[in-house]
Structures are given as C-alpha cells and as structure tokens.
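Q: With the sequence shown counted from 1, adding 3 to any position gets you this note's numbering.
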Amino acid sequence: MSISQTIRDFITLSIQSGGWMEMDRLYLENRVIAMVGEDSLAKAEVREVTESAVDLVEQLLIKAENNKVITDLQAEKDILEAQLMDLMTPPPSVVNAYFAQYYSKDPEQATDYFFHLSRANDYIRTREIARNIIFPAETEYGDLEITINLSKPEKDPKQIAAERQAVKVDYPKCMLCMENEGYKGRLNYPARTNHRIIRMNLDGESWGFQYSPYAYYDEHCIILSEEHRPMKITRATFQRLLKIIEVLPHYFVGSNADLPIVGGSILSHDHYQGGRHVFPMAVAEMERTFELKDYPTIQAGIVKWPMSVIRLQGKSQKDLVKASNMIFEKWQSYSDVKLQIVARSEDGTPHHTITPIARRKNDLFEMDLVLRDNNVSEEFPDGIFHPHPDVQHIKKENIGLIEVMGLAVLPPRLKSELKEVERYLLDEENTIADYHMKWANQLKNDNQITSENVTQIVQKAVGSVFARVLEDAGVFKRNAKGQSGFMRFIESL
C-alpha cells in the first residue's frame, strides 16, 4: 500500500473516532504529511479501512524514519506515535462529556467506552502487554497468578546515552501528575500526547481516573490526586476507596502502603489502583471470624492468605470507615517483640501501615486490611517482612498492592533464566545462573523430569516460591506461634 493511501486511511479512522468532521480532512492530511516528512499527498481513495490504527501508525513511523524526521531511537518513535494517535483521540473535554453521558445510563458503559478508547489509540500498549508471560500456579491458598513482565521495552545503549545528554526538566513532577495529559514527552520521559484523564470529585477534592499504559490485569486503572503530594494512609483513604467503588461498583480499588520497603514504586504521588479483575485474594475465604464490639453492623474475620489480612464487610460505608480506621490506628502503635513486630524505632520512626483493598460483594461493601511492617534487622537488611534472601532469585522487589492480592509481577530476566533452569534440569548444555542452582537441584531431587513436564514443574515451583514470598511479607506467620500472635492483636481491638 502506498504511503498516500496509508495517510488517507489513517485520516478516515481519525474522523471516525477522533471527533473530527469530514470537512477537517484536508487539515488532517496536511498535519500528517508534515509529521512524517512528506511533501504532498498523491492520489488515494477514501475507502472503508480494514487495518487498525496501530498498524497504520507503524507504517507511518517507518516512512518518518526513512524521511529522517526521526531516528531509530525508540523514544523518538514513541513521541511521534503518540502525536499521531492524538489525532485519533477526542479532546479531554469531549472524552469527559462522553464518559458522563454513558455513565448516566450505566457505569459499566462509561468505563467500557473509556477503556476501548484507551486501547484503540494505543495509550494502553496492547501489543507490548501481549508479550508478558502469564501462567497460574496452584498453591494451598488457591491459584496464584504469575506474570513475567516483558511489556516495557528494554533501553538500548544509544537510548541510554541520549538520555544522559538530555536536559533535566522537572515537568511534569512525576508520571502520575495530571500535567501528563497531552505532554509531548522527551528522550528521558514517556510521550503522553494521546493520554486522557476522566475528572472525578472525591469528597470535595479533584481526582483523575485513567488506565495504566502497561496494564498488569483486566482494566487496570489508576485514580490519582490532582495535587502532587506523597502517599499517605489516613481515615480519608478508606472514605475515598469506598466512594470509588460506590461510583464504579464493578471495579475493585486499593492503595499501596505508604512506607518504604512495603510501599509501591511511586510513593511521591497520592494514588490508588483498581480495575475489573478478580484477584486470588478476593476469592480467599475467611478462616476465622471475630466480633468488633463497637461496630455490631460489621462482619469481621481473618482471611486464609499467606499475608496477614483482616476482612471487614458491611452495608454502611460510615461504619466500615470507622472500623477500618480503628484497626489501622491500633496497628500503627501495636508491637509484639517476640515476633519481631515493632511499631516504632527509638527515635520515633513509624514502621506499621496497611495495604487496604475495597470491593463490592452484592449489597455489601468489603474492605481487606493487609497488615504491613517495614522493620529491618541484621539478619534481614532488606526487610524482616520482605522476600528473604533464599527466594530473591525469583522476586527481590517490594511487595506492593498487586502482589499482595496474589498476582506476581516478576522481572524480565526470568524469561531467559528459567529456560536455562529447564535445560539444567534436562541435563542439557546451559548457562544457569548461580543463584538458581540450589533451587534447581532441589527440583531435580523432588521430581521425575522429562522434556514434556519440565516447563510445568518449573512454573509450579515459581508459584510455590511466590507463595513463600507472600508468607515472608506476612507479619503474623502461618504457624501456631504466628497465628497465636495474630489473635492477640485481634483481642486488642
């Protein structure tokens, strides 16, 4: 297909989905011609388009590179791609108006519209996400979800060198600021021209609703504060989480913890994550119930889960907020030295927080409170309640909200490393990493390994390691001593 036909087809799709009109065609053609470095547009027909916008943009990027508009640096391609996709996307005011119009009929229709738009204009990087390796892993806690994250492209040496030379800019302040909407991007900062944010009002504050470009699960969304301020778990956190699932009852929403080691990757900007995904923790049952005497309308219990989780259910948001905040405040000051659980250092530094998750269960509001402790010790300098050294060959990073709920986000290195483990198990030539050797030898001893079952054995073993990772992060261990300690905390409520 000629480049002129590609441009014309791309403009046709832009008119269909970007809020433009047929009388805008010439204007759009001239915009795209300039963006890809062409002088003019040869004869081409206006026709029904069968290719996707992503496929057409890929062809336009090749032409732009051939015309020396951009180089082969991925950052330059991403910037131009976002600019082209911006032509396929209505302005923020129009997107928000459509969202409100759909929402007046049904909240699901509103998110369906916005999710489809964010995929169609490639803000959600569907092709890159499809590269991820995903498999279930059966454990005593149910089927955990394992993801080897390959969606974010690795930077080549030229990209790294170019970023070093790039001028340092403090705008936007971070990748979660609203200033990202429409931002062109630069060599060391992602392009956001095709980015759109839905405005939300949460208890009188302005917040934004968007999808994650590199989604880890179904309809992975982010709800972010308009104000650039640090993450902080407070009573208002529980109010907002419940308000969000009132507004979007088909979604769950949760918050990362607000302390280093046990917190998420971005603690500098107040935000929550949600989506339309049923995580393993959501279907885990309460193995023990208890009463909160001051909150008779609230059902409470301990969840059968590798981490220490208290689940609250009730019809009253107000009571649920009060009960959640009471437990949070008790936990902030609670210590059990025999279990290495210490609320504060001698200098007053706090070590206790929670990871809260809210969802709807029919007519009930449900809040899971995951108890977190970020203390370190001489034996465990990375964190007492953090993946311990013997499992860090699989997962060394912080255990944030997504992992807490039972979805492992594992580093890209494991794609090749696990293949080498399989070769080692099959006694084939391999380059297995030293830090996998002890684990691999144990697998050899415990299994009859063949070429037909080796992948299944390794994947199941990865799932077992991830379950251990979560157990390490649990403050009250899954043994008699730990569970007795858990009940002592429950009795203090």
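Backbone N, C-alpha and C fix where the C-beta goes; we use that ideal spot for every residue, glycine too. The model shown is predicted, which means the values in this text are computed figures rather than measured ones.
Should Y275 be labelled buried (16 or more other beta-carbon atoms within 10 Å of its own) or exposed?
A: Under this definition Y275 is a buried residue.
Q: Below 8 Å on the Cβ atoms is my guess for Q343 versus N378; work out the distance and round it to an integer in Å.
A: Contact holds; Cβ gap of about 7 Å.
Q: With distance defined between alpha-carbon atoms, name the residue in L90, M4, E182, K46 nearest to M38.
A: Among L90, M4, E182, K46, the Cα nearest to that of M38 belongs to L90.
Q: Look at the Cβ atom of Y298, then the Cβ atom of R279, and state whether they are nearer than 9 Å.
A: Contact flag unset, no.
Q: State whether the stretch 224–232 contacts the stretch 303–319, with contact taken as three or more CB pairs (one from each stretch) at a distance under 8 Å.
A: Cβ pair count under 8 Å is below three, so no.
Q: Could you spell out the range, first to last residue, of the alpha helix (DSSP H) harbouring K364?
A: From DSSP, K364 is part of no alpha helix (DSSP H) but of the beta strand (DSSP E) over 355–364.
Q: Enumerate in chain order the residues of its own chain whose CB-to-CB distance from V265 is below 6 Å, with the five nearest sequence positions on each side excluded.
A: Cβ within range, chain order: R375, N377.
Q: Just to confirm, are P283 and I200 a CB contact at a threshold of 9 Å?
A: Cβ atoms of P283 and I200: not closer than 9 Å.
Q: Taking only the alpha-carbon atoms, compute the straight-line gap between I151 and I137 and give it to the nearest angstrom.
A: Near 7 Å, if we compare the C-alpha coordinates of I137 and I151.
Q: Report all residues from its chain with a CB closer than 7 Å to the CB of I435; omit the five preceding and five following residues, and keep chain order.
A: Excluding positions up to five away in sequence, the list reads E423, V424, Y427, A443.
Q: Do T74 and L120 have their C-beta atoms closer together than 9 Å?
A: Not closer than 9 Å, so no.
Q: Once you ignore the five residues that flank Q62 on each side, which residues in its own chain have a CB closer than 7 Å to its CB?
A: Contacts found: T9.
Q: If you draw a straight line from the C-alpha of I330 to the C-alpha of E406, how long is it?
A: Whole-angstrom Cα-Cα distance: 22 Å.
Q: Would you kindly report the start and end of the unbroken beta strand (DSSP E) that includes D146?
A: 145–151 is the span of the beta strand (DSSP E), which, as asked, contains D146.
Q: Looking at Y116 and Y126, is the spacing between their C-beta atoms short of 9 Å?
A: For Y126 and Y116, no; Cβs fall outside 9 Å.
Q: Taking the alpha helix (DSSP H) that I397 belongs to, which residues open and close that run?
A: Careful: I397 lies outside any alpha helix (DSSP H) and carries neither H nor E.
Q: According to the Cβ coordinates, are F241 and S327 closer than 9 Å?
A: It is a contact, given that the beta carbons lie within the stated cut-off.
Q: Whole angstroms are fine: how far does the CA of V324 sit from the CA of R364?
A: First, the amino acid is wrong: residue 364 is Lys here, not Arg. Computed Cα separation, rounded: 16 Å.
Q: Below 6 Å CB to CB, which residues in the same chain sit around G485 once its five sequence neighbours on both sides are set aside?
A: Taken in chain order, the residues that qualify are F479.
Q: For D339, write down the residues that DSSP places opposite it in a beta bridge.
A: Partner(s): I344.
Q: Which same chain residues, not among the five before or five after I204, have their C-beta less than 8 Å away from its C-beta?
A: Correcting the residue identity first, residue 204 is Asn in this sequence and not Ile. Answer for N204: W210, listed in chain order.
Q: From the DSSP output, read off the bridge partner residues of N210.
A: The question names Asn, but residue 210 is Trp in the sequence shown. DSSP, once it has assigned bridges, lists M203, S228 as partnering W210.
Q: Do you know offhand how far R314's Cα is from R362's?
A: R314 and R362: Cα-Cα distance of roughly 11 Å.
Q: Roughly how far, in whole angstroms, is the beta-carbon of S271 from the beta-carbon of P359, given that I think they are within contact range, below 8 Å?
A: Their Cβ separation, rounded to whole angstroms, is 19 Å, which puts S271 and P359 out of contact at 8 Å.
Q: Could you give the residue range of the alpha helix (DSSP H) that holds P139?
A: Not the alpha helix (DSSP H): P139 falls in the beta strand (DSSP E), residues 136–142.
Q: From what residue to what residue does the alpha helix (DSSP H) around Y101 run?
A: Taken as a continuous stretch (DSSP letters only), the alpha helix (DSSP H) holding Y101 covers 95–106.
Q: Please work out which residues of its chain come closer than 6 Å, Cβ to Cβ, to Q462, disregarding the five sequence neighbours upstream and downstream, and give them in chain order.
A: So the list reads F138, once near-sequence residues are dropped.
Q: With DSSP as the reference, please indicate the residues paired to L413 in a beta bridge.
A: BP columns for L413 point to I151.
Q: Kindly say whether K296, judged by its beta-carbon, lies nearer than 9 Å to any beta-carbon of chain C.
A: Included in the structure is just one protein chain, with no chain C present.
Q: My output table needs one value for H439: the three-state DSSP class, helix, strand or coil.
A: H439: helix per DSSP, three-state reduction.
Q: Do you know whose CA, among A113, L87, K108, lies nearest N99's CA?
A: Selected option, being the one with the closest Cα: A113.
Q: Can the beta-carbon of N498 be found less than 9 Å from the beta-carbon of N124?
A: The chain is shown from 4 up to 496; residue 498 falls before or after that span and cannot be answered.
Q: Name the DSSP bridge partner or partners of Q302?
A: According to DSSP, Q302 bridges with Q316.
Q: Taking only three categories from DSSP, how would you classify E369?
A: If DSSP states are grouped into helix, strand and coil, E369 belongs with the strands.
Q: I'd like to confirm something about E249: is its beta-carbon nearer than 8 Å to some heavy atom of the ligand ATP, or not?
A: With respect to the ligand ATP, the structure shown offers nothing to examine, as it has no ligands at all.
Q: Considering only residues of the same chain and omitting the five flanking positions on each side of H396, which have a CB-CB separation below 6 Å?
A: Cβ neighbours of H396 beyond the five flanking positions: Y438, H439.
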